[in-house]
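My numbering puts the sequence shown at residues 1 to 138.
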Amino acid sequence: MAFDVDSNAVGMVAVAIPVVGSIALFSFLAVAAWSDARRREREEYYRSETLKKIAESSGEGAKAAIELMREQQKSVTRRRLEGMKLGGLITAVVGIGVMVLLRGLEHEEPVYLAGLIPLLIGLALLAYTFVLAPKEAA
């Protein structure tokens, strides 16, 4: 017993699989991003409520709450600067890699100079984090 397979139906299935897969992937990413933002919002709310209660409790509690807030702010600033350093380094290395790749592919025209764009962006990020970014107060 042989089955007749319509080539049009096979083509439609071949197109539908990537479409459905990409819709599922991006739907999952949207829900994951939303739930992560919601979790962070709850954490910040509970943290602020706890600090508010500690600050209202006594003079020593207020000092501790203020010190905790300062430490959290320093930690956030430090993480942000470290992330910018890493991002700048990665972007600069990608620029160098693009320059090497394009130079290896095309010897006649200077297309490798297109790699200067990510290289200079990475160097700008690094310059900002090391020179221009606000420093932590000791």
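Glycine included, C-beta positions come from ideal geometry on N, C-alpha and C.
- Within the same chain, Cβ atoms closer than 6 Å to the Cβ of leucine 123 are found at Ala92, the five residues on either side in sequence being excluded.
- Methionine 12 counts as exposed, since fewer than 16 other C-beta atoms from the protein chains shown sit within 10 angstroms of its C-beta.
- Taking a contact to require three or more Cβ pairs closer than 8 Å, the segment 31-39 and the segment 54-61 do not qualify as touching.
- Nearest in C-alpha terms to methionine 99, of all of Phe26, Leu81 and Leu120, is Leu120.
- Under the DSSP assignment, serine 7 falls in the alpha helix (DSSP H) whose first and last residues are 7-57.
- Using a 10 angstroms sphere on the CB of leucine 125, the tally of other CB atoms reaches 16 or more, which defines it as buried.
- Contiguous beta strand (DSSP E) elements confined to the segment 91-131 do not occur, taking only those with 3 or more residues.
- Note on threonine 50: under 16 other CB atoms within 10 angstroms of its CB, so exposed under the neighbour-count rule.
- Annotation for glycine 87: Leu125 place their beta carbon closer than 7 Å to its own, counting only its chain and skipping 5 residues before and after.
- Taking C-alpha positions only, valine 31 is separated from arginine 79 by approximately 26 Å.
- DSSP places alanine 133 in the coil class of the three-state scheme, outside both helix and strand.
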